[in-house]
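Read through the structure below, which is laid out as structure tokens, and then see the notes.
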Amino acid sequence: MARKICLVLMIIVGVCWLTGTFALDYPAKTAAVDNLTKSVRPVFTDAALAQSSTDLNTTATFADDFSTKAAPALAQQLGVPPAQFLASLGTQYPAVGAGLAQQPRIQAYFESVHRTMIEQQRNFHRADAIPTTYLPNRTVHWLFVVIGAAAIALPAIIGRIDVLVTAVSANIHNFRLGDSTPTKDLATTNVEWQFVIPAALLIIAGAVGTGAGRRPSSGERTLGWMTDEKGPDDKVLTVPATDPRLAQLRDISDLPEFDRLEIQHFFEVYKALELGKNVAGDCWAGRAEAEREIAASVRRLAAAGTP
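Numbering (our numbering), first residue to last: 13 to 319.
In structure tokens form, the structure reads like this:
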């Protein structure tokens, strides 16, 4: 129950994350960040900050020279005190007077801004590298989309894995039974199982043989035996007994010739790329002979005392 609750919560979080990305308009916001960064990026270069320092020094020098040199000299030529000259200038030209009065405060403000920009230059370049130096900031919201989609899809994937594990667990007993049947590795038999499904099976053809490697005479019109580099390598072909789509397949003669040739061709070439290995097809035996050989193999296995 706790597992199911966690999976449901994961889906809910994923949906919230995915829908929230667009509900909160993250694409437009990250695009705005990119536009803002692009606008101010030029002023955070070393050259731009150096030019700002020069310009601030120029305006400070101009203001100082005007108040200490130019204004007193003009007042002297007019024959009035400097203070009276500046007051008269402010009366006749109000904007100039306001500018002269505010100049120290304006100068101090821009010097403070300039110092802050110098101090934050490194932080700006670090922020400008989100998420990387070569990707725009607007790609960040897609990370939210990917994470949200993954949170939604992951429970479904976990559910499929659970189904697979359950199916394997349910058939482990059948697998062990099938794994204990005679194989070509036993000296007393030479039957190799192929296409075996751990369920009720119907044998439609069998490649069967004894330890002596008996083969049918050339007059028998059956197919199935095979030989590889180690000797006889017989196969057993089966179909699920409960599958209605295959109910008509009762013996090798019921199998379409193309399907039989396709299966035979596979086993004749599947070792072709392995050095020193080869497979040769011989012929197929019918269902009755396959069942007899399987029964005989089981008896030989029991006689050998193999569990």
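For glycine and all other residues, C-beta sits at the position ideal for the given N, C-alpha and C.
Is the beta carbon of residue i less than 7 Å from the beta carbon of residue j?
i: Leu258; j: Val251; result: yes
i: Gly102; j: Gly91; result: no
i: Pro148; j: Asp76; result: no
i: Arg172; j: Ala43; result: no
i: Leu61; j: Glu123; result: no
i: Gln119; j: Ala87; result: no
i: Thr31; j: Asp140; result: no
Going by C-alpha distance, which of the options is nearest residue i?
i: Val152; options: Gln133, Asp58 and Asp37; result: Asp37
i: Trp29; options: Ala60, Leu147, Lys16 and Phe156; result: Phe156
i: Pro84; options: Asp77, Leu287 and Pro94; result: Pro94
i: Leu166; options: Ala14, Val20 and Ala316; result: Val20
i: Val9; options: Lys242, Arg134 and Glu269; result: What is shown of the chain runs 13 to 319, which leaves residue 9 out entirely.
i: Glu280; options: Asp246, Thr80, Pro268 and Ala113; result: Asp246
i: Ser51; options: Phe136, Ala35, Gln89 and Lys289; result: Phe136
How far does the alpha helix (DSSP H) with residue i in it extend, from its first residue to its last?
i: Glu131; result: Pro106 to Glu131
i: Ile275; result: Glu269 to Val281
i: Thr50; result: Per the sequence shown, the amino acid found at residue 50 is Lys instead of Thr. Unbroken alpha helix (DSSP H) run through Lys50: Tyr38 to Val52.
i: Arg15; result: Ala14 to Ala35
i: Pro58; result: Pro is not the amino acid found at residue 58; the sequence shown has Asp there. Element bounds for Asp58: Asp58 to Asp77.
i: Ala85; result: Ala83 to Leu90
Indicate, with yes or no, if the ligand SAH has a heavy atom lying under 6 Å from the CB of residue i.
i: Pro93; result: The model depicted lacks the ligand SAH and carries no ligand whatsoever.
Can you find at least 3 beta carbon pairs, one from the region 153–164 and one from the region 25–40, that sit closer than 8 Å?
-> yes
Decide yes or no for the touch test of the region 47–56 against the region 122–140: beta carbon pairs closer than 8 Å, at least 3 of them.
-> yes
Three or more C-beta pairs closer than 8 Å, one from the region 259–268 and one from the region 292–307: is that the case here?
-> yes
Validate contact between the region 299–309 and the region 270–278 using beta carbons, cut 8 Å, 3 pairs | no
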